[in-house]
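Residue numbers (UniProt numbering): 1 to 248.
Right, one structure below, let's go through it.
Next comes the structure, spelled out in structure tokens:
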């Protein structure tokens, strides 16, 4: 597999920017089966998913949590607004379940690379919808039908240090490769082998992305066998139902 960062995008994306057109113009040689991996902040900025702390009035609950965890109460309020559930609050971190169903720190709300002081970037309202829209626009701009789009964010992992990019929006890519029921090299039945293709694509792209200079987009080649004719089920297929949560 080849992972190539896309250079030449504007250093500061803004609400209303045509992200698909910018990406399409920045890649000289589009190919059948290309997978376009885009950090969600680029998508969120173009969709206007930005909050200025000066516009936020914290609630009593936000002020209490902020005092307990040494955080800005306005930022805590934004996290609460973006959350369906506060799963855990400890060590200065708020672990939440977002409205999309993602369990992550601070509901994905982040101040890094926001472009302005005292400004937060939120997750897209509908990351799968964003991926589908970008895919359709990229196909129109490039003339290449077999394209896929993956929108990513950096998540921590339980019981492991560090962050890893995962897929929060997917279109045109098989998000999971279910090999259960097949056989291993010794002929044993595979019972748990279910490959998170979209998450692995997201992580691979992050290895070549330069976050300091603001390179949000990477094109992956070599995953054409996972690219689908339709948009597919999206990143929603990667979410484990709450009924299967063994740690609640």
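From the three backbone atoms N, C-alpha and C, an ideal C-beta is built for every residue, glycine too.
### Query
Where does residue 37 sit, in a helix, a strand or coil, going by DSSP?
strand
### Query
In the DSSP assignment, what are the bridge partners of residue 5?
218
### Query
In the DSSP assignment, what residue or residues form a beta bridge with residue 110?
121
### Task
Sort 62, 199, 157 and 44 by Cα distance to residue 234 and report the nearest one.
199
### Query
Is DSSP giving residue 231 helix, strand or coil here?
Three-state result, residue 231: coil.
### Task
Report the residue from 107, 92 and 93 whose alpha carbon sits nearest the alpha carbon of residue 99.
107
### Query
So, helix, strand or coil for residue 24, using DSSP?
helix
### Query
For the putative contact between residue 279 and residue 125, defined by C-beta atoms under 8 Å, what is the C-beta separation to the nearest angstrom?
No statement about residue 279 is possible, as the shown extent of the chain runs from 1 to 248 and does not include it.
#### Entry: Residue from 168, 156 and 136 with nearest C-alpha to residue 122
168
### Message
Using 8 Å as the cut-off, can you tell me whether the segment 176 to 187 makes contact with the segment 129 to 145, which would need three or more C-beta pairs spanning the two stretches below that distance?
### Response
no
### Task
Note down the Cα distance separating residue 109 from residue 71, rounded to an integer number of angstroms.
Looking at the two C-alpha atoms, the distance is approximately 13 Å.
### Query
From 165, 77, 222 and 162, pick the residue whose C-alpha is nearest to that of residue 4; which is it?
Looking at 165, 77, 222 and 162, the one whose alpha-carbon comes closest to that of residue 4 is 222.
### Task
Give the secondary structure of residue 238 by DSSP, where H, G and I count as helix, E and B as strand, and everything else as coil.
helix
### Query
To which residues of the same chain is residue 142 closer than 7 Å at the C-beta, ignoring the five residues directly before and after it?
Listed in chain order, the non-local C-beta contacts of residue 142 below 7 Å within the same chain comprise 24 and 30, local neighbours out to five positions each way being set aside.
### Simplified DSSP assignment, three categories, for residue 44
helix
### residue 208 and residue 38 closer than 8 Å at C-beta
It is not a contact, given that the beta carbons lie outside the stated cut-off.
### Task
Using only alpha-carbon positions, find the residue among 132, 58, 17 and 113 that is nearest to residue 230.
132
### Query
Hey, is residue 126's beta-carbon within less than 8 Å of any beta-carbon in chain B?
Of the chains in the structure shown, none is chain B; there is only one protein chain.
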